[in-house]
Amino acid sequence: MSLKYKIAYNTLVQFIGRFATSLIGFVTTLILARYLGAGAYGIYSKIYTLVAFFYLFIDFGLNAVYVRRYKDNLSKLNQVFGLRTSFFLVSLTLISLFLLLSGNLIFTGQQKLWVLLFSPTILLFGYYTTLNIVFQLKLRYDLSVLSAIIGGLAGLVLLIPAIKYGLVYAILSLVIGYLITVLSALFLANRLNPLSFKQLVFGKQDFFWEALPLGIMLFLNTMYTRADVFVIAAFQGDAAVGIYSLAYKFFEFPLAFAAFFANSVFPHYVKAFGNNQAYFWKIFKKATLYLILASLVFTLCGFIIAPFLKLIKADYILSVKPLQILVLSYPVFFATSALSWLVFILKKEKALIAVYGLSFMVNIVANILLVPQYSYLASSWLTVIGEILVLVMLAGVLFEKKHPRVN
85 MSLKYKIAYN TLVQFIGRFA TSLIGFVTTL ILARYLGAGA YGIYSKIYTL VAFFYLFIDF
145 GLNAVYVRRY KDNLSKLNQV FGLRTSFFLV SLTLISLFLL LSGNLIFTGQ QKLWVLLFSP
205 TILLFGYYTT LNIVFQLKLR YDLSVLSAII GGLAGLVLLI PAIKYGLVYA ILSLVIGYLI
265 TVLSALFLAN RLNPLSFKQL VFGKQDFFWE ALPLGIMLFL NTMYTRADVF VIAAFQGDAA
325 VGIYSLAYKF FEFPLAFAAF FANSVFPHYV KAFGNNQAYF WKIFKKATLY LILASLVFTL
385 CGFIIAPFLK LIKADYILSV KPLQILVLSY PVFFATSALS WLVFILKKEK ALIAVYGLSF
445 MVNIVANILL VPQYSYLASS WLTVIGEILV LVMLAGVLFE KKHPRVN
């Protein structure tokens, strides 16, 4: 099987799987949005967004560091499981502090309990992501997709009767779905490569420090793209959060294509860069071109699909405009995805902290200034502008790397 075929096959498998899991997620969103309305759906969106921040924290870029360091060796996987277990405990502590210090500005007392109920999905996400190292190195993303579909369907089946009893039961059903996803992935990964959990490694300091720059970058990246939800909640209320979050939910689906493409091609990038840099640059340029072309297709489709959001419920006719604004940024998001991994391969990932740290600060200040007057439309435009800023800064980092005076 040729390299081109392997990359195309695994990207296609992931995208088809993403389509299947997103279809399940769409039905889940449809049930929540229709049954709860914009206000209560906004509450759910706040809870999910806060917890999802820590999905990226527990991710921490450990998979990429593991592949770069150990190549095809899976015997050190306990280091990743141990670190992510530790990260979950830190995440739980930070969430508790945030809920305590924020008072009732964003979450009421009851909503804070619901946040804690949903928090175990952080650990489950971390374990599922770790098991994906096995699927990635074995080029069997179809098994990762299968486990996600099994868990997603289980959560959906549980959600349908649970939603009638309120949001807390809906959240519990989704947590169980995440658990089933992890158990399915564990079973399938163990068949590919027998795993042992007799000795988890919690304190592998050098591995942690190597992953730190990429981990901080991923966390800041999520903060700068989704912190707007809490600004909208503070200034505009839960209904505005629900309207914006539904638009963003549809917007983020194609973004996964770039991530899945990177997952498929990254191990080959690492090997090619070490063995034949001329070949590496050839496949990198070609892959990036394909990404940009795909982003243009997604932008067009986004404009066509946006008006149909009102069919979910009349409340969401206001979600059409923010979605049409957000999809304008697809080409930029896809380009920054490619350049971010290039920076990582060139071992300039420390620069990513400055890039996404500055973007986060600019974005959050701009949202605080503009959301009180322009609501979620301001957040939509700031998402587009913020990603352009990121692209320009990444290009600057790469230009500096290749500049003769630097060399």
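Numbering (my numbering), first residue to last: 85 to 491.
Positions of the beta carbon are idealized from the N, C-alpha and C atoms, including for glycine.
Since this is a predicted model, take the numbers as computed values, not measurements.
Ranked by Cα distance from L482, the first of V199, I389 and S424 is S424. For I260, the three-state secondary structure derived from DSSP is helix. With fewer than 16 other beta carbons inside 10 angstroms of its own, A343 counts as exposed. For the alpha helix (DSSP H) assignment, the uninterrupted runs of no fewer than 4 residues enclosed by the segment 89-156 are, from N- to C-terminal side, 146-154. By the Cβ neighbour-count rule, L380 is exposed, with fewer than 16 other Cβ atoms within 10 Å of its own.
For D399, no alpha helix (DSSP H) segment is defined, and its DSSP state is neither H nor E.
Per DSSP, N162 is one residue of the alpha helix (DSSP H) stretching across L161 to L185. Pairing M307 with F137 gives a Cβ-Cβ distance under 8 Å. No Cβ-Cβ contact shorter than 8 Å links V174 with I131.
By the Cβ criterion, the segment 418-436 is not in contact with the segment 153-163, since fewer than three pairs of Cβ atoms, one from each stretch, lie closer than 8 Å. Judged by DSSP in its simplified three-state form, I190 adopts coil rather than helix or strand.
Every alpha helix (DSSP H) stretch that sits fully inside the segment 410-491 and reaches 4 residues is listed by chain position as 414-429 and 434-486. Taking C-beta separations shorter than 6 Å and ignoring five residues to either side along the sequence, the partners of I472 in its chain run V416, following chain order. Only exposed fits G358, as fewer than 16 other CB atoms lie within 10 angstroms of its CB. Runs of the alpha helix (DSSP H) spanning 4 or more residues and lying entirely within the segment 303-391 occur at 312-320, 322-359 and 361-389, in chain order.
Out of G480, F444 and Y458, the CA that lies nearest to the CA of G470 is found in F444.
For N277, the secondary structure class from DSSP, reduced to helix, strand or coil, is coil.
K333 is classed as buried because its beta carbon has at least 16 other beta carbons within 10 Å across all chains shown.
The C-alpha of L178 lies about 39 Å from the C-alpha of L395.
In the DSSP assignment, I233 falls within the alpha helix (DSSP H) that extends over Y225 to A246. By a beta-carbon distance limit of 8 Å, V439 contacts L478. Their separation comes to about 6 Å. The shortest C-alpha to C-alpha distance from A246 to any of Y414, L116 and F387 is the one to L116. S268 and T214 have their C-alpha atoms some 13 Å from each other. Across the structure, G126 and A324 are spaced so that their CA atoms are roughly 7 Å apart.
For G250, the secondary structure class from DSSP, reduced to helix, strand or coil, is coil. Distance from F141 to F345 at the Cβ level is roughly 24 Å; contact not present, criterion being Cβ atoms closer than 8 Å. Straight-line measurement puts the Cα of G235 at about 22 Å from the Cα of K222. In this structure, D312 and S463 form a Cβ contact; the two beta carbons are roughly 4 Å apart against a cut-off of 8 Å.
Listed in chain order, the non-local C-beta contacts of F382 below 6 Å within the same chain comprise P338 and Y414, local neighbours out to five positions each way being set aside. Buried is the label assigned to R310, since at least 16 other Cβ atoms lie within 10 Å of its Cβ. With respect to the C-alpha of F428, the residue from A104, S129 and A148 having the closest C-alpha is A148. Assigned with DSSP and collapsed to three states, L395 falls in helix. Counting every other CB atom within 10 Å of its CB across the protein chains shown gives L189 a total below 16, marking it as exposed. Note on geometry: alpha-carbon atoms of L158 and V218 lie some 7 Å from one another. Within the same chain, Cβ atoms closer than 7 Å to the Cβ of A254 are found at L116, L243, A246 and I247, the five residues on either side in sequence being excluded.
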